[in-house]
Amino acid sequence: MANPEMRHKDNVAGKWFCTDPDDDNGEGCIACNVCYTGAPDFFGEDDDGNAFIKKQPTSPEEEELCQEQLEACPVASIGDDG
Numbered sequence: 189m190a191n192p193e194m195r196h197k198d199n200v201a202g203k204w205f206c207t208d209p210d211d212d213n214g215e216g217c218i219a220c221n222v223c224y225t226g227a228p229d230f231f232g233e234d235d236d237g238n239a240f241i242k243k244q245p246t247s248p249e250e251e252e253l254c255q256e257q258l259e260a261c262p263v264a265s266i267g268d269d270g
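The sequence shown begins at 189 in my numbering and counts up one residue at a time.
Now the structure itself:
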């Protein structure tokens with residue numbers, strides 16, 4: 189489960205978030221590119237390839253797409269405060 193205390197600094201405000209790569213719980217982004225290639229409208233990558241939320245989903249379909257990325261993340265670095 190993504191640690192809400194270790195949010196990536198570039199996340200936009202909202203319930204969806206990605207964790208910082210330096211998360212000590214082993215749930216930090218590893219720059220695998222799954223989320224930002226699977227849902228590029230919502231997930232961006234910083235200069236090091238680490239993911240962040242660049243747009244919050246606003247419809248059930250968009251929520252579902254983000255949920256798919258959360259489930260596909262190999263290190264559980266995507267979270268949802270909702």
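Glycine included, C-beta positions come from ideal geometry on N, C-alpha and C. Bear in mind the structure is a predicted one, so any value in this text is a computation, not a measurement.
### Task
Mind checking which residues open and close the alpha helix (DSSP H) that includes residue 260?
248 to 260
#### Entry: Outcome for residue 208 when other beta-carbon atoms lying within 10 angstroms are tallied against a minimum of 16
buried
### Task
Check residue 233 in the structure and name its three-state DSSP category.
strand
### Message
On the CB-based measure, 16 or more other CB atoms within 10 Å of its CB, does residue 239 come out buried or exposed?
### Response
buried
#### Entry: Residue(s) in a DSSP beta bridge with residue 267
205
### Query
Where do the ends of the alpha helix (DSSP H) carrying residue 223 lie?
222 to 226
### Check whether residue 244 and residue 202 have beta carbons under 7 angstroms apart
yes
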